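Take a look at the structure below.
Protein chains: 2
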Amino acid sequence: MTLKELIKNPVVSWMAADGPEADIVITSRIRLARNLAGMPFPHLMSEQKVAEKIWETISKGLKNSPDLKLVSMSKLTDMERQMLLEKHLISPEHAEVVSPYRGIITNKTGSVAIMVNEEDHLRIQCLLSGLQLNQAYRYADDTDDLLEKELEYAFDDQWGYLTSCPTNVGTGMRASVMLHLPALTMTNQKGAVFNNIAQLGLTVRGLYGEGTEALGNFYQVSNQITLGQTEEDIINNLWTVTLHVVEQERNTRERLQSEMKYQLEDKVWRSYGLITHARVMTSNEALALLSDVALGVDLKILPPIPRQILNELMVAIRPAHLQATGGRKMETAERDITRAQVIKNTLNKIRSDRRDKND
Amino acid sequence: MTLKELIKNPVVSWMAADGPEADIVITSRIRLARNLAGMPFPHLMSEQKVAEKIWETISKGLKNSPDLKLVSMSKLTDMERQMLLEKHLISPEHAEVVSPYRGIITNKTGSVAIMVNEEDHLRIQCLLSGLQLNQAYRYADDTDDLLEKELEYAFDDQWGYLTSCPTNVGTGMRASVMLHLPALTMTNQKGAVFNNIAQLGLTVRGLYGEGTEALGNFYQVSNQITLGQTEEDIINNLWTVTLHVVEQERNTRERLQSEMKYQLEDKVWRSYGLITHARVMTSNEALALLSDVALGVDLKILPPIPRQILNELMVAIRPAHLQATGGRKMETAERDITRAQVIKNTLNKIRSDRRDKND
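Chains as they are written, first to last, in our numbering: chain D, 592 to 950; chain S, 592 to 950.
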């Protein structure tokens, strides 16, 4: 798949929901920040000649990696960049600031996406379904090794990898998981859980970064510290904490099912009723209802809906994806109408497919 | 149908929705207050002998009316009395105060229901579907004539019919209509409309009397004055006002459909989604959602649902009817669960019948 195909495709690798604990751990992500030795960091590369040289160096560095393709962000439309953001393959800043020297390198499935000249020269990201931090690290590390054969990184024996922002110095690694925690949220336990997480040097953010904490009951947990810990330590720490949170979420779900059976079923079925019948729907409401529906499917309150479909929908209902589906620019009001249609059609199709199968 | 059968039957005459304007005017009701000459009013009949005599007189007075049957309220269970109230055939007070000398006289279809020894010795009521005030008056008047052949009424040439409460003296008549006004309510116009109504000597109450004004967007409009106006005047006044309000409601619905198409469709479909999917539902929420569904059917936003079914549901979801359906006493929490089931099953059956028909 080329980048343009990857953007158009409703599915990228992480949506498959085929990883371990994929009902609660939506994604595992490893990101490695790397910079070229002897070159100014991106925010300092004011001269066009320098920028061109960095771009060329990276471009040449890919010659032994036929699976990886570099595309300049300036070759993408506004909508395509937004779609990459909505698919969680680039950062908001990288979607916004357009320059011929900013780029993205992807593999065929979108499991590896490297931002070029974002905050660092290279931000190697690997994004997988479920709790697969080790696997994601292996892919990111392999990619890193491939690139390192061709490129000379800014590396200091004492400090480790040098990065544009000092908080990334050292391993240059950020490991994160995206968790779906409806039961802990519903029962007001998330505060306590997140406090514990913070004390272990980890940070909690919302679905699309800071300030989106409660959106659809999705939470990103990631390491804060990149210096003085090995990659293995960081991953093990996050892995252990994640497993613990997953267990708490599962226990709370069980408790809800035994102690608040009717209220829980009512909440889930109401959300299903709303999401399959509404004619106008904001993005935030859709995420909240999709969260309830996912919980209902997990707990077998609702008939089965493939988790991949729910993961796809979470992205398909975002503004740029909606406009791509509709084939044109849309104002907010029209998007809200189209969003309701897209969800209704998708979920009704699953229901009628299921009926046909049962006939 | 005997009274017990009438109570059990989900349908009484007014629910048929076969009268004129029955989409907006749910019922027309005429009530005539009558008292026996030379007998103390019910609240003054402290001696048992007097009470017995009144009861016997009325009982004998029915001898030429084979269609009318008298039953003592003390022969009915609490639940049966509540069901009569929920069917709008008796008043809250008549359901509550049990005495062997309080009774109800009904015809086979429940279109005529006479309360015996409620506030007056006789309260002849006729309740029909749609805007049928003249027809309802004719039935009530015919019944009144039949009874008057056998009974001597307390009547004064100057004052007219004498009644327990002076506000009913004169014609002893109260004429009322039950209106479904979702569009006027939604657009905050009901205040202005009801002010106009009040200036014409009419009163607005809620579905179950005072204090239930906004319940399901149903409003009872009735005359206040019984003295100094003929029955014809009272009915003509109410009829004219009702037609005017119906026209305002229809105009507002049209305006909503042209100016707020998507919001209206969204509201209606959301309510339909909720009412067919919720697992727990209070009576008030059910009425509010049924109101939206009725509006949706009227405006052809939703596929057709016979209005009789919606009228039946409005009563079937009340506590006593729910418990009768369930065959046992239920606490509020269980009723809320049963209510959700009853509505869901009824509406889903209509949908699947419609599908079978279309196949």
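From the three backbone atoms N, C-alpha and C, an ideal C-beta is built for every residue, glycine too.
Just so it is clear, the structure is predicted and the values come from calculations on it, not from any experiment.
- In the DSSP assignment, no residue is bridged to D/Asn655.
- DSSP places S/Ser663 in no alpha helix (DSSP H) but in the uninterrupted beta strand (DSSP E) bounded by 660-663.
- Secondary structure note for D/Arg926: its alpha helix (DSSP H) is the uninterrupted segment 923-949.
- When DSSP states are grouped into helix, strand and coil, S/His912 belongs to the helix group.
- Closest option to S/Thr831, judged by alpha-carbon separation, among S/Glu596, S/Val603, S/Val616: S/Val616.
- Between S/Lys678 and S/Val784, the CB-CB gap reaches or exceeds 8 Å.
- Note on the segment 687-724 of chain S: whole beta strand (DSSP E) runs with a minimum of 3 residues are 694-697, 703-707, 713-720, in chain order.
- Here the C-alpha atom of D/Leu680 lies approximately 38 Å from the C-alpha atom of D/Lys852.
- Beta bridge pairing from DSSP links D/Val795 with D/Val812.
- Contact between the segment 637-651 of chain D and the segment 703-710 of chain D is established, with three or more Cβ pairs separated by less than 8 Å.
- The residue from D/Ser943, D/Lys595, D/Asp824, D/Ile816 with its alpha-carbon nearest to that of D/Met674 is D/Lys595.
- The beta carbon of S/Glu856 falls within 8 Å of a beta carbon belonging to chain D, placing the residue at that interface.
- Put simply, of S/Asp927, S/Thr873, S/Gln914 the residue whose alpha carbon is nearest the alpha carbon of S/Lys599 is S/Gln914.
- Going by beta carbons, D/Val641 and D/Met664 fall outside the 8 Å limit.
- Against S/Ile928, the close residues of chain D are Tyr853, in the order they occur along the chain (beta-carbon pairs closer than 8 Å).
- Straight-line measurement puts the Cα of S/Arg870 at about 40 Å from the Cα of S/Arg693.
- Within chain D, the residues Trp860, Arg861, Tyr863, Gly864 have their CB atoms less than 7 Å from the CB of S/His868, given in chain order.
- One Cα belongs to D/Gly721, the other to S/Lys935, and the distance between them is close to 37 Å.
- DSSP places S/Phe632 in the coil class of the three-state scheme, outside both helix and strand.
- If you keep only unbroken beta strand (DSSP E) runs of at least 3 residues inside the segment 820-890 of chain D, you get nothing at all.
- At a C-beta separation below 9 Å, D/Val933 has no neighbours in chain S, since its nearest C-beta there lies roughly 15 Å away.
- Between S/Ala624 and S/Arg714, the C-beta spacing is below 8 Å.
- In the DSSP assignment, S/Ala774 falls within the alpha helix (DSSP H) that extends over 773-777.
- Under the Cβ criterion (8 Å, minimum of three pairs), the segment 880-895 of chain D does not count as touching the segment 654-663 of chain D.
- S/Lys781 is positioned such that its CB atom lies no closer than 8 Å to that of S/Asn655.
- Taking a beta-carbon distance threshold of 8 Å, S/Val707 does not count as an interface residue toward chain D.
- Pairwise C-beta distances place the segment 748-757 of chain D out of contact with the segment 785-795 of chain D, as fewer than three of them are shorter than 8 Å.
- Per the DSSP secondary-structure output, D/Phe746 pairs in a beta bridge with D/Tyr752.
- Here DSSP, grouped into helix, strand and coil, assigns D/Val760 to coil.
- Under DSSP, D/Ile621 takes part in a beta bridge, and its partners are D/Cys717, D/Ala766.
- Rounded to whole angstroms, the gap between the alpha carbons of S/Asn787 and S/Asp824 is 18 Å.
- Contact between the segment 863-881 of chain S and the segment 845-863 of chain D is present: three or more C-beta pairs spanning the two stretches fall below 8 Å.
- According to the DSSP secondary-structure assignment, S/Val616 is paired through a beta bridge with S/Leu770.
- The beta carbons of S/Gly763 and S/Ser882 sit no closer together than 8 Å.
- In this structure, the straight-line span from the alpha carbon of D/Thr700 to that of D/Leu597 is close to 7 Å.
- Using a CB distance cut-off of 8 Å, D/Val884 does not count as an interface residue toward chain S.
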